[in-house]
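The opening residue of the sequence shown carries number 1 in full-length UniProt numbering; numbering runs sequentially from there. Everything on this sheet refers to the single structure shown next.
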Amino acid sequence: MTQPSEHVSVQVEVNGRRYQRSVMARLTLSDFLRDELGLTGTKVGCEHGVCGACTVLIDNEPARSCLMLTVQANGKQIRTVESLASGREMSPLQACFQKHHALQCGFCTAGFLMSATALLEEGQPTREDIVETLSGHYCRCTGYSPIIDAVEEAAAKESS
Numbered sequence: 001m002t003q004p005s006e007h008v009s010v011q012v013e014v015n016g017r018r019y020q021r022s023v024m025a026r027l028t029l030s031d032f033l034r035d036e037l038g039l040t041g042t043k044v045g046c047e048h049g050v051c052g053a054c055t056v057l058i059d060n061e062p063a064r065s066c067l068m069l070t071v072q073a074n075g076k077q078i079r080t081v082e083s084l085a086s087g088r089e090m091s092p093l094q095a096c097f098q099k100h101h102a103l104q105c106g107f108c109t110a111g112f113l114m115s116a117t118a119l120l121e122e123g124q125p126t127r128e129d130i131v132e133t134l135s136g137h138y139c140r141c142t143g144y145s146p147i148i149d150a151v152e153e154a155a156a157k158e159s160s
């Protein structure tokens, strides 16, 4: 049985780049991304999987990185919010967030963006689909209407 202080070798692909590291067996994926790889766009809010700030895409599916151990991501493809922009150019979804003022403090934004990215990649969501997908995230600053409007506009742009 692996002890919590034991190190385990993991191989992951993060934002298109391969990494091989020896990590503590109990290291969360959120801590690995932030502390080991310097990808601080993934936020750690509640550390219970409730707020959604730590959401990343694992093999294109949204996942709460604060609830997942790095060893569970071994061999997986991970995308963080840093993967959305191309250099200094925002993705269409990020531009819609900016246009609709769908962020204030920005703490929750990465999680919303990643869940919305997965939804948009599935196809053409309805407003109800957007509301349901984003209902697992907390925003204490803006409220949800601008966020939903931003995702809805991004979906409309993708379909045209």
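Glycine included, each C-beta is placed from N, C-alpha and C at the ideal position.
Rounded distance between the beta-carbons of residue j and residue i, thought under 8 Å
| i | j | result |
| --- | --- | --- |
| residue 113 | residue 94 | 7 Å |
| residue 53 | residue 108 | 5 Å |
| residue 28 | residue 65 | 7 Å |
Beta-carbon spacing of residue i, residue j below 9 Å
| i | j | result |
| --- | --- | --- |
| residue 71 | residue 25 | yes |
| residue 30 | residue 9 | no |
| residue 51 | residue 106 | no |
DSSP-derived helix/strand/coil call for residue i
| i | result |
| --- | --- |
| residue 103 | coil |
| residue 124 | coil |
| residue 34 | helix |
| residue 159 | helix |
| residue 150 | helix |
| residue 81 | helix |
| residue 115 | helix |
| residue 110 | helix |
| residue 61 | strand |
| residue 70 | helix |
| residue 55 | strand |
| residue 50 | coil |
Alpha carbon of residue i to alpha carbon of residue j, nearest angstrom
| i | j | result |
| --- | --- | --- |
| residue 59 | residue 104 | 29 Å |
| residue 150 | residue 13 | 29 Å |
| residue 37 | residue 120 | 27 Å |
| residue 154 | residue 42 | 22 Å |
| residue 198 | residue 130 | Coverage of the chain is limited to positions 1 through 160, which leaves residue 198 absent and any answer about it impossible. |
| residue 133 | residue 63 | 12 Å |
| residue 11 | residue 77 | 10 Å |
| residue 86 | residue 33 | 19 Å |
| residue 118 | residue 61 | 6 Å |
| residue 148 | residue 91 | 17 Å |
| residue 145 | residue 75 | 37 Å |
| residue 124 | residue 83 | 21 Å |
| residue 18 | residue 152 | 33 Å |
| residue 139 | residue 69 | 25 Å |
| residue 55 | residue 73 | 14 Å |
| residue 40 | residue 80 | 9 Å |
Residue i classed as buried or exposed, judged by whether at least 16 other C-beta atoms fall within 10 angstroms
| i | result |
| --- | --- |
| residue 122 | exposed |
| residue 99 | exposed |
| residue 48 | exposed |
| residue 88 | exposed |
| residue 96 | buried |
| residue 156 | exposed |
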